[in-house]
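Have a look at the structure below, then the notes.
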Amino acid sequence: MRYGQIFLIATVLMLSGCASKPVPVVMSFPDVPEDLKVACPDLGVLPVDTDKLSDVIGNVADNYTKYHECRARVDNWNDWYNTQKQIFDRVK
Amino acid sequence: MWMLSFIPDSWLYLATIAIMVLGVVTYLATYLFQFYKPALLIQTPVRVAAVVITIAGVYFFGSYNTEVEWRKRVEEVQAKVAAAEAAGKAANDKLAKAGKQKVKVIHQRQVVIHERIKTITTKIDAECKVDPDAVHILNSAAKYPLAPKKDNK
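Sequence order for the protein chains is L and Y. Counting in my numbering, the first sequence runs from 52 upward without gaps. Counting in my numbering, the second sequence runs from 514 upward without gaps.
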């Protein structure tokens with residue numbers, strides 16, 4: 052019994068030498084590029100005295116452009132996130 | 514312990530092996546004490562010391578190997594992180610370039626649309642007069658409904 056206890060303690064002592072510690076290298080998720088942080092602009096409005104259809108169409112076309120720009124930014128945001136996440140997950 | 518880092522790894526490895534061998538050899542040597550009767554008095558303490566030395570040797574051997582494995586793992590992870598950071602930067606550059614190209618295409622399209630509007634301005638303005646209510650409705654639709662109240666006048 053005494054020898055058994057000594058053997059057990061000795062084994063624990065020897066095995067404690069093999070205790071490993073965690074790797075202290077951590078990768079942080081990269082910051083979002085500044086141009087993707089820009090909020091979508093407000094849509095343009097017409098002067099209240101507008102009566103020309105060409106002005107209305109021009110305004111609508113400008114607003115469509117603003118939407119397309121905003122859509123492109125959202126698409127870029129998603130592309131950026133998916134790409135960076137894929138790269139980030141590879142390190143784990 | 515930090516002073517150990519100045520000692521070459523191969524020396525540390527040999528030292529751990531030497532401690533284990535010393536313990537085992539010392540223990541085996543105690544069997545020779547029976548041929549020299551006075552030495553039998555110290556046989557048990559020497560055996561205990563030999564066992565302690567062997568245990569310490571095994572402990573150091575395990576510690577050394579764990580340390581080496583840990584350093585290797587740290588180097589691997591550092592290399593992976595460096596590669597990932599480089600890949601992330603390259604991806605950012607590529608996305609920024611693609612983003613600029615998208616904006617360029619959108620603006621080019623806007624210019625074309627405005628040119629087309631100019632060509633028909635006289636015709637459509639002559640045929641149609643926009644009612645102020647229509648402008649009001651269009652402006653209401655253009656305003657962001659969730660904007661703070663002061664901006665939503």
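Note that CB positions come from ideal geometry on N, CA and C, so glycine has one too.
Same chain, Cβ closer than 6 Å to L/Met78, five either side skipped, listed in chain order: Within the first sequence, numbered from 1, the residue matching residue 78 of chain L stands at position 27. Cβ neighbours of L/Met78 beyond the five flanking positions: Val142.
Whether L/Asp36 touches Y/Val643 by CB criterion (7 Å): Here chain L covers residues 52 to 143 and nothing more, so residue 36 of chain L does not appear.
Secondary structure of L/Lys103, DSSP reduced to three states: Within the first sequence, residue 103 of chain L is the residue found at index 52, counting from 1. Looking at L/Lys103 - three-state DSSP - the assignment turns out to be strand.
Residue span of the alpha helix (DSSP H) that contains Y/Gln671, given as start and end: Nothing can be reported for residue 671 of chain Y, as the shown portion of chain Y is limited to 514 through 666.
7 Å CB neighbourhood of L/Pro81 in its chain, flanking five on each side removed: Position 30 of the first sequence holds residue 81 of chain L. Gln135.
Segment contact flag, the stretch 90-110 of chain L with the stretch 596-603 of chain Y, C-beta cutoff 8 Å, min 3 pairs: Segments in contact, no.
Where Y/Ala600 meets chain L, residues with beta-carbon distance less than 7 Å: In the second sequence, counting from the first residue as 1, residue 600 of chain Y sits at position 87. Those within 7 Å of Y/Ala600 in chain L are Ile138.
Cβ contact (3+ pairs, closer than 8 Å) linking the stretch 63-78 of chain L and the stretch 579-599 of chain Y: yes
Nearest candidate by alpha-carbon position, reference Y/Phe573, set Y/Pro661, Y/Tyr526, Y/Ile555: Here residue 573 of chain Y refers to the residue found at position 60 when the second sequence is read from its first residue. A check of alpha carbon separations from Y/Phe573 across Y/Pro661, Y/Tyr526, Y/Ile555 identifies Y/Tyr526 as the nearest.
Per-residue burial, L/Gly55 [other beta carbons within 10 Å of its own, 16 or more giving buried]: For this step, residue 55 of chain L is matched to residue 4 along the first sequence. Result: exposed.
Boundaries (first-last residue) of the alpha helix (DSSP H) holding Y/Pro645: One-based indexing of the second sequence puts residue 645 of chain Y at position 132. Looking at the DSSP string, the run of the alpha helix (DSSP H) that includes Y/Pro645 is 645-655.
Option nearest L/Pro3 by Cα separation, candidates Y/Ala531, Y/Lys585, Y/Pro558, Y/Ile630: The requested residue 3 of chain L is not part of the displayed model; chain L covers only 52 to 143.
Of the residues Y/Lys607, Y/Ile568, Y/Glu598, Y/Ala609, the one placed nearest L/Ile60, counting alpha carbons only: Numbered from its first residue, the first sequence carries residue 60 of chain L at position 9. When only C-alpha atoms are compared, the closest one is Y/Ile568.
C-beta atoms of Y/Ile626 and L/Leu104 nearer than 7 Å: Here residue 626 of chain Y refers to the residue found at position 113 when the second sequence is read from its first residue. Here residue 104 of chain L refers to the residue found at position 53 when the first sequence is read from its first residue. No. Outside cutoff.
Local Cβ density within 10 Å of Y/Ile633, reported as buried at 16 or more and exposed below that: Within the second sequence, the letter at position 120 stands for residue 633 of chain Y. Exposed: under 16 other Cβ atoms inside 10 Å.
For Y/Pro521, the three-state DSSP class (helix, strand or coil): As a position in the second sequence, residue 521 of chain Y is number 8, starting the count at 1. Look at Y/Pro521 here: in three-state DSSP terms it is coil, with no helix or strand label.
Buried or exposed by the 16-neighbour rule on C-beta atoms within 10 Å, applied to Y/Ala639: Taking the first residue of the second sequence as position 1, residue 639 of chain Y is located at position 126. So Y/Ala639 counts as exposed.
Environment of Y/Ala563 [buried if 16+ CB atoms lie within 10 Å]: By 1-based counting over the second sequence, the position of residue 563 of chain Y is 50. The residue in question, Y/Ala563, is buried, as its Cβ has 16 or more Cβ neighbours within 10 Å.
Contact set between L/Cys69 and chain Y, taken where Cβ atoms lie within less than 8 Å: Walking along the first sequence from the start, residue 69 of chain L turns up at place 18. Residues of chain Y passing the Cβ test: Gly575, Ser576, Asn578, Thr579.
Selection from L/Asp140, L/Ala112, L/Arg124, L/Asp100 that minimises the alpha carbon distance to Y/Ala611: Here residue 611 of chain Y refers to the residue found at position 98 of the second sequence. Y/Ala611 has its Cα closest to that of L/Arg124, out of L/Asp140, L/Ala112, L/Arg124, L/Asp100.
Straight-line gap, L/Ile138 to L/Phe58 (C-alpha atoms, nearest Å): In the first sequence, counting from the first residue as 1, residue 138 of chain L sits at position 87. In the first sequence, counting from the first residue as 1, residue 58 of chain L sits at position 7. One C-alpha to the other measures close to 48 Å.
The alpha helix (DSSP H) enclosing Y/Phe548, as first and last residue numbers: Your numbering for residue 548 of chain Y matches position 35 in the second sequence. No alpha helix (DSSP H) holds Y/Phe548; DSSP gives it neither H nor E.
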